[in-house]
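S.K.: Numbering (this note's numbering), first residue to last: 176 to 336. The structure under discussion is supplied below as structure tokens; questions concerning it will follow.
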């Protein structure tokens with residue numbers, strides 16, 4: 176299995192909402208590429224990417240707002256797992272969320288929370304970890320670190336109150 180993630184954004188304006196995914200993938204030492212591809216403005220290039228993605232990637236994360244067709248068009252043209260990040264916009268991301276989760280039967284798209292780039296990266300890592308023990312170990316360590324941090328914060332809270 177290839178252990179690389181593709182992160183697609185519908186436009187440059189999505190970058191700030193997607194940066195959390197970069198941080199998680201870097202921490203877990205999972206290589207990734209980032210591209211701007213639009214289901215509407217660069218349809219031919221998006222289709223070309225989706226059709227060839229299995230040659231370089233194991234998971235595709237698609238971040239898009241408003242109509243949010245990017246994940247759907249990619250999922251319809253690859254057998255790789257596709258994870259949608261609905262990006263908040265004028266309707267608080269509800270439009271993008273509904274576009275992402277309401278896929279027709281036969282074209283699955285996993286969807287995380289609105290602006291949930293960190294969880295998209297973690298889900299992609301979990302998919303890769305199914306066949307990569309090194310990534311699995313790093314995920315276990317990541318969860319242990321998060322648990323420790325939460326417990327420490329609980330102790331801090333006790334001191335504050």
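Glycine included, C-beta positions come from ideal geometry on N, C-alpha and C. The structure presented is a predicted model; accordingly, all values stated were derived computationally and were not measured.
Excluding five sequence neighbours on each side, which residues of the same chain lie with their C-beta closer than 7 Å to the C-beta of residue 294?
M.R.: Correct list, in chain order: 287 and 288.
S.K.: Would you say residue 203 and residue 318 are within 7 Å of each other, going by their C-beta atoms?
M.R.: No; because the gap between Cβ atoms is not below 7 Å, this pair is not in contact.
S.K.: Can we say the segment 319-330 touches the segment 206-226, given the rule of at least three CB pairs closer than 8 Å?
M.R.: Counting Cβ pairs under 8 Å, fewer than three are found: no touch.
S.K.: Since residue 257 sits in a beta bridge, which residues does DSSP pair it with?
M.R.: Answer is 235, bridged to residue 257.
S.K.: For residue 240, name the three-state secondary structure that DSSP assigns.
M.R.: In this structure, residue 240 counts as strand in the three-state DSSP scheme.
S.K.: Who are the Cβ neighbours of residue 194 in its own chain at under 8 Å, not counting the five residues just before and after it?
M.R.: Answer for residue 194: 292, listed in chain order.
S.K.: Reducing DSSP to helix, strand and coil, say where residue 266 ends up.
M.R.: It is coil, neither helix nor strand.
S.K.: Please name the residue in 302, 264 and 210 whose C-alpha comes closest to that of residue 255.
M.R.: Checking every option, the nearest Cα to that of residue 255 belongs to 302.
S.K.: For residue 335, which residues does DSSP report across the bridge?
M.R.: DSSP output for residue 335 lists no bridge partner at all.
S.K.: Helix, strand or coil: which one does DSSP assign to residue 183?
M.R.: The answer is strand: DSSP assigns residue 183 an E or B state.
S.K.: Mind checking which residues open and close the beta strand (DSSP E) that includes residue 284?
M.R.: Neither: residue 284 is in no beta strand (DSSP E) and is coded neither H nor E.
S.K.: Apply the 10 Å Cβ neighbour rule to residue 335 and answer buried if 16 or more other Cβ atoms are within range, or exposed otherwise.
M.R.: It is exposed - the Cβ of residue 335 has fewer than 16 other Cβ atoms within 10 Å.
S.K.: May I ask you to verify whether the segment 228-245 touches the segment 257-271, counting CB pairs closer than 8 Å and requiring at least 3?
M.R.: Touching, yes, given that three or more Cβ pairs across the two stretches are closer than 8 Å.
S.K.: Measure the C-alpha to C-alpha separation of residue 248 and residue 220 and round it to an integer number of angstroms.
M.R.: Rounded to whole angstroms, residue 248 to residue 220 spans 11 Å at the Cα level.
S.K.: Measuring alpha carbon to alpha carbon, tell me which of 246, 306, 191 and 230 ends up nearest residue 212.
M.R.: The residue with the shortest Cα to Cα distance from residue 212 is 246.
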